[in-house]
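Heads up: the sequence shown begins at 1325 in our numbering, then just goes up one per residue.
Note that CB positions come from ideal geometry on N, CA and C, so glycine has one too.
Here is the structure we will look at, set down as structure tokens.
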Amino acid sequence: MARILWLADSLRSAGLTVRETSGWETRERPASTGGFAPEGVLLHHTAAYATSSDPHPSLDTVIQGRGGSDPLPGPLCHVLIDRNSVCWVVAAGRANHAGSAVASGPMPAGDGNEMYVGIEVEYAATNHVPTQYATSGQKSTAIVAAARIVSRLGHGYRYVRAHKETSTTGKIDPYNWDMTDIRESVRQCLERTGW
Ligand SMILES: [Zn+2]
1325 MARILWLADS
1335 LRSAGLTVRE
1345 TSGWETRERP
1355 ASTGGFAPEG
1365 VLLHHTAAYA
1375 TSSDPHPSLD
1385 TVIQGRGGSD
1395 PLPGPLCHVL
1405 IDRNSVCWVV
1415 AAGRANHAGS
1425 AVASGPMPAG
1435 DGNEMYVGIE
1445 VEYAATNHVP
1455 TQYATSGQKS
1465 TAIVAAARIV
1475 SRLGHGYRYV
1485 RAHKETSTTG
1495 KIDPYNWDMT
1505 DIRESVRQCL
1515 ERTGW
């Protein structure tokens, strides 16, 4: 099964602030759960309330998974963008972030965890009063990260999708992101950098 071992270096070379979680290079779902052959990037929000002094409340969860009434084993993404726009590299292999996916843009329907690299952005969205939005720094970090990753996958801006565009279960993430605008920003980033 594929691992994207270039992930941390690629994000660093894109000028982003990167922290590598211990063991990310071999962190993945077992092969018995499916493959990993990513062709696109999928954007998410964590729905956790984060602040500049507590910037990544979901970090342990995205590494280890969650219990409770709706348990899901980790890893739950490949990259977590914290409230201070730091990119935490979580996993190089298959992660539990997408579930089954409907077709979206150039991406076909299928096993989203096989087809997508998952980026989680740490903000609460509607899971907090008042609603918490992504910061402009988080958004621009996600755009640069998505552009760098999708170019490494050999594709262009149209292969950057949102969970709310692929979900079969009514997901709304990333909340309040206009994906036409996000993809246009990815396109401009790819054009500007030549990635
Ligand atoms: Zn999601």
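The stretch 1410 to 1426 and the stretch 1472 to 1492 touch, with no fewer than 3 CB-CB distances between them shorter than 8 Å. Secondary structure at SER1491: strand, using DSSP grouped into helix, strand and coil. Comparing alpha carbon positions, the residue from THR1345, TYR1373, ASP1333, GLY1429 closest to THR1455 is TYR1373.
Taking C-alpha positions only, HIS1402 is separated from GLY1442 by approximately 5 Å. Our two residues, ASP1384 and GLY1478, have alpha carbons roughly 31 Å apart in a direct line. Straight through space, the alpha carbons of ARG1353 and TYR1481 are spaced by roughly 27 Å. The continuous stretches of alpha helix (DSSP H) do not include ALA1416, and DSSP gives it neither H nor E.
Apart from the 5 residues on each side of it in sequence, ARG1336 sits with its Cβ closer than 8 Å to the Cβ of VAL1342 in its chain, given in chain order. Scanning the stretch 1416 to 1491 for uninterrupted beta strand (DSSP E) segments of 3 residues or longer gives 1440 to 1445, 1484 to 1486, listed from N- to C-terminal end.
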